[in-house]
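One structure below.
There are 4 protein chains.
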Amino acid sequence: MTTALDTTSPQPVKRRSRPSRREELLRAAAECFAESGYTAASVRAIATRAGMQAASLYCHYPSKADLLIGVHEIGIERITQAVREAIHTELPPWERLEAACTAHMRSLLGGDVFFEALMRNVPLRTDPAYRAIREMRAEYEALFSDLLDDLPLPADGDRRKLRLMLLGAMSWSFTWFSADRDTPEDIARTFVRFLRQPLDA
Amino acid sequence: MTTALDTTSPQPVKRRSRPSRREELLRAAAECFAESGYTAASVRAIATRAGMQAASLYCHYPSKADLLIGVHEIGIERITQAVREAIHTELPPWERLEAACTAHMRSLLGGDVFFEALMRNVPLRTDPAYRAIREMRAEYEALFSDLLDDLPLPADGDRRKLRLMLLGAMSWSFTWFSADRDTPEDIARTFVRFLRQPLDA
Amino acid sequence: MTTALDTTSPQPVKRRSRPSRREELLRAAAECFAESGYTAASVRAIATRAGMQAASLYCHYPSKADLLIGVHEIGIERITQAVREAIHTELPPWERLEAACTAHMRSLLGGDVFFEALMRNVPLRTDPAYRAIREMRAEYEALFSDLLDDLPLPADGDRRKLRLMLLGAMSWSFTWFSADRDTPEDIARTFVRFLRQPLDA
Amino acid sequence: MTTALDTTSPQPVKRRSRPSRREELLRAAAECFAESGYTAASVRAIATRAGMQAASLYCHYPSKADLLIGVHEIGIERITQAVREAIHTELPPWERLEAACTAHMRSLLGGDVFFEALMRNVPLRTDPAYRAIREMRAEYEALFSDLLDDLPLPADGDRRKLRLMLLGAMSWSFTWFSADRDTPEDIARTFVRFLRQPLDA
DNA sequence: AATGAATGAGGTTTCATTCAT
DNA sequence: TATGAATGAAACCTCATTCAT
Chain R
1 MTTALDTTSP QPVKRRSRPS RREELLRAAA ECFAESGYTA ASVRAIATRA GMQAASLYCH
61 YPSKADLLIG VHEIGIERIT QAVREAIHTE LPPWERLEAA CTAHMRSLLG GDVFFEALMR
121 NVPLRTDPAY RAIREMRAEY EALFSDLLDD LPLPADGDRR KLRLMLLGAM SWSFTWFSAD
181 RDTPEDIART FVRFLRQPLD A
Chain G
1001 MTTALDTTSP QPVKRRSRPS RREELLRAAA ECFAESGYTA ASVRAIATRA GMQAASLYCH
1061 YPSKADLLIG VHEIGIERIT QAVREAIHTE LPPWERLEAA CTAHMRSLLG GDVFFEALMR
1121 NVPLRTDPAY RAIREMRAEY EALFSDLLDD LPLPADGDRR KLRLMLLGAM SWSFTWFSAD
1181 RDTPEDIART FVRFLRQPLD A
Chain U
2001 MTTALDTTSP QPVKRRSRPS RREELLRAAA ECFAESGYTA ASVRAIATRA GMQAASLYCH
2061 YPSKADLLIG VHEIGIERIT QAVREAIHTE LPPWERLEAA CTAHMRSLLG GDVFFEALMR
2121 NVPLRTDPAY RAIREMRAEY EALFSDLLDD LPLPADGDRR KLRLMLLGAM SWSFTWFSAD
2181 RDTPEDIART FVRFLRQPLD A
Chain W
3001 MTTALDTTSP QPVKRRSRPS RREELLRAAA ECFAESGYTA ASVRAIATRA GMQAASLYCH
3061 YPSKADLLIG VHEIGIERIT QAVREAIHTE LPPWERLEAA CTAHMRSLLG GDVFFEALMR
3121 NVPLRTDPAY RAIREMRAEY EALFSDLLDD LPLPADGDRR KLRLMLLGAM SWSFTWFSAD
3181 RDTPEDIART FVRFLRQPLD A
């Protein structure tokens, strides 16, 4: 009857492709994880924010940990796409890196709760969700490995550490970023410049 | 190499006695916070690890949050002293910065649970311990501001962002550091070199 | 004598079903509050008496204080209705007052745990439930204000103090009442007579 | 050396017959019992208010229940003496009763925490302190029995119920008394007048 | 007389999850 | 798909009391 994506079809069609219950749930979870952290966020709070009872949540996700994975999936997917788009065009290597970083920072600091949830909830090695999330992150970070491979570095340039430094510095920014003093774009540009100017000279 | 960083010893030698109950408690708390995170770590687990009942813990600290503050105090105090010692000698600015970073990384990644607890538990803005901890961190980071002020940078060098980049990159390293592949000293040296080579040329 | 005061029946016949869990819970709470006092009565004991786990109690009432309010609501509702019924008929003013007092005492001393809980747990001014309960009591006592207004008193008769004296004397009776020596009806009759007739002949 | 009543004699004499530790403790206990009720008042709070550690309290009183008894002893002793003094003079029976009631109310509502503690903490029958306190109260109330015996009542005047009514009404007044609207003396006078004079004109 | 430390019991409440409906 | 009720575990913390010093 309706589109294949309409997961709420059993109810009379209200509005076209409104966020499904699962999506609402993930958003609610992201908000709670971002605000309180994974452990402190309660399933009840997430369900309430999504407009349902805690028990109903389990119709959609089998556990709290799966919500965290779901949130990460969305977050990583979004930021991956943002960065992919940014480096789609033809550009010199350093400019491509800068474009990627700009997209990265714009996503991370743009107020999207999915990214806040992402940053604030790096899972512990003992967490059951650890592996799944680590793999997603690794895949994303591979994008930057590629960008760095294209860079013309001196022979002793340790590209792995360069990537870790750049991504780490950007990741940590959620800790000190203040929209009053900084813009995501400026941070990205400045960080890249710090690295580039010597090496490029 | 040196023993100055042996964090298990009861600090600068204040009292000769065996570590006091408070110190044992802080160490137990640090271990638990490092392993499980602040929220997931239970007061009972901390007390048990310190060899007492949960109720006894409250003879020494009035709440779990105060334990977190205590852990941060020790951690910050130790790393501050380590860095202070490292920059005590007369050195050219870049070398002093590198010495500081080396000390910083050596502390952070040296396996001291107080630092692991520190890094894994950046408090949320809503946390009652947020203010207290933020101030401690700020005071520590001021050390690096001073070091950066001494650096001969070009006019447009944004020293604040440089500091944030360097410290952020180092902070994030607890996320990916593996003693098999890296050494703290090497990371510090490499990160500083990345920033220096252009600017110093 | 009558069955109107059978406080175990599920009230005016609202639903036919066996007493709901909420009602069982309130009764259990009333029993515990009557036996041990509000503070000393534990949520666990209340839940156990109602045949459930302490945690399950919170499906029905959000806190212990709300149980106290609920118990008061039922108690006040019952005694209000008993008094209302007693004064429903046409009677001379003093006889109506006596009828009201008889109903009042019969409720209070008839062994209903809800009234015992009521009397033994006048909340402190600092108690969060204080306001709610005070208002209920005030509404009930207004019934007596009306009855006293109908009394043909001399000009200097302080009707407020008269009400407070009468109600106070009756309230305090739960302190000394012994079913062996007294009947609720006799107490009521005697108290009203003391006020009505001249003792100083 | 000092007076026999100086229970703190081992310490160098500071001030003459200042409240002994036991007295301070009783006063602190009375305050706490009056504010929070016996059960909710904690030994720790009492000790703190008396300027000592909880453990030190046990040097003076062997248990919390003994503090309650001690508070009652003082309270009953004080009010007994107040009433005794009031009825010491030669007066007609009704005037003597009024004088006693005035003294009673003045004590009860005069802001003395010992009386507030007394009224707010009628022990339950299951309380270990129940018997001891009940006996004290009975002895005090015997004073009123005597006064009532002197009253010229009609043949059917039930003196026991009269006493219970009068004392009960006065006891309950701590529940509604407001220094803004009432004075203890006026309450006493009015209550006695209600009994003495015919209201049913 | 005083106390710091300790304790076992127990307080209220929240947790993630299950299950019958 | 949704939920109300339930649960066992566990959360943080406070309790009255004890004891060695």
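Protein chains in written order, with our numbering: chain R, 1 to 201; chain G, 1001 to 1201; chain U, 2001 to 2201; chain W, 3001 to 3201. Cβ coordinates follow ideal geometry from the N, Cα and C atoms, glycine included.
Each of W/V3071, W/E3095 and W/Y3130 was checked against the Cα of W/L3147, and the nearest Cα belongs to W/E3095. Using beta-carbon distances, W/M3119 does not count as an interface residue toward chain U, since no partner is under 8 Å.
By the Cβ-count criterion, G/G1075 is buried, with 16 or more other Cβ atoms from all chains shown falling within 10 Å of its own Cβ. With fewer than 16 other Cβ atoms from the protein chains shown falling within 10 Å of its own Cβ, W/C3059 counts as exposed.
Here G/S1020 is exposed: its Cβ has fewer than 16 other Cβ atoms, across all protein chains shown, within 10 Å. Secondary structure note for G/R1022: its alpha helix (DSSP H) is the uninterrupted segment R1021 to S1036. Chain G places no beta carbon closer than 8 Å to that of R/L147, leaving this residue out of the contacts. Taking C-beta atoms as the reference points, G/I1079 and G/Y1130 fail to come closer than 8 Å. With fewer than 16 neighbouring CB atoms inside 10 Å of its own CB, U/E2135 falls in the exposed class.
Across the set G/D1156, G/S1063, G/G1037 and G/H1104, the C-alpha of G/H1104 shows the shortest separation from the C-alpha of G/E1077.
The region 81-93 of chain R and the region 167-179 of chain R do not touch, with fewer than 3 CB-CB distances between them shorter than 8 Å.
Contact fails between the region 2149-2159 of chain U and the region 3157-3173 of chain W, because fewer than three Cβ pairs, one in each stretch, are under 8 Å apart. From the beta-carbon of U/M2165, the residues of chain W found nearer than 7 Å are A3169, F3191 and F3194. Among the residues of chain U, none has a CB under 8 Å from the CB of W/G3075; the nearest is roughly 16 Å distant. A residue is called buried when at least 16 other Cβ atoms come within 10 angstroms of its Cβ; R/T190 meets this threshold and is buried. Within the region 1085-1157 of chain G, complete alpha helix (DSSP H) segments of at least 4 residues are found at 1093-1109, 1113-1120 and 1130-1149, given in chain order. Burial is judged here by how many other beta carbons sit within 10 angstroms of a residue's own beta carbon; U/D2180 has fewer than 16 and is exposed. At least one beta carbon of chain U lies nearer than 8 Å to the beta carbon of W/D3158. Here R/S56 is near R/A47, since their CB atoms are less than 8 Å apart.
Of all alpha-carbon atoms in U/E2031, U/S2042 and U/E2024, the one lying nearest the alpha-carbon of U/G2051 is that of U/E2024.
In its chain, beyond the 5 residues on either side, P2093 have a beta carbon closer than 6 Å to the beta carbon of U/D2150.
In the same chain as R/V71, and ignoring 5 residues on each side of it, the C-beta atoms closer than 7 Å to its own belong to L26, A29, A30, F33, F114 and A117, in chain order. A distance below 6 Å between beta-carbons, with the five flanking residues on each side excluded, links R/A65 to the following residues of its chain, in chain order: P128 and A129. Counted as a single uninterrupted DSSP element, the alpha helix (DSSP H) harbouring W/W3172 occupies residues R3159 to W3172. U/D2182 carries a coil assignment under DSSP once its states are collapsed to helix, strand and coil. Runs of the alpha helix (DSSP H) lying entirely within the region 35-72 of chain R and spanning at least 4 residues, in chain order: 43-49 and 54-57.
Between the C-alpha atoms of G/V1122 and R/Q197 there is a straight-line separation of about 32 Å.
The beta carbon of W/V3071 does not come within 8 Å of any beta carbon belonging to chain U, so the residue lies off that interface.
By the rule that beta-carbons nearer than 8 Å mark a contact, W/T3183 does not touch chain U. Approximately 4 Å separates the beta-carbon atoms of U/T2102 and U/A2188; this is inside 8 Å, confirming the contact. Counting C-beta atoms within 10 angstroms of its own C-beta, G/A1100 has 16 or more neighbours from the protein chains shown and is therefore classed as buried.
Rounded to whole angstroms, the gap between the alpha carbons of R/L108 and R/I133 is 17 Å.
From the beta-carbon of W/A3103, no residue of chain U is found nearer than 7 Å; the closest lies around 18 Å away. Among the CB atoms of chain R, one or more fall inside 8 Å of the CB of G/W1172. Within the same chain, Cβ atoms closer than 6 Å to the Cβ of U/M2119 are found at F2174, the five residues on either side in sequence being excluded.
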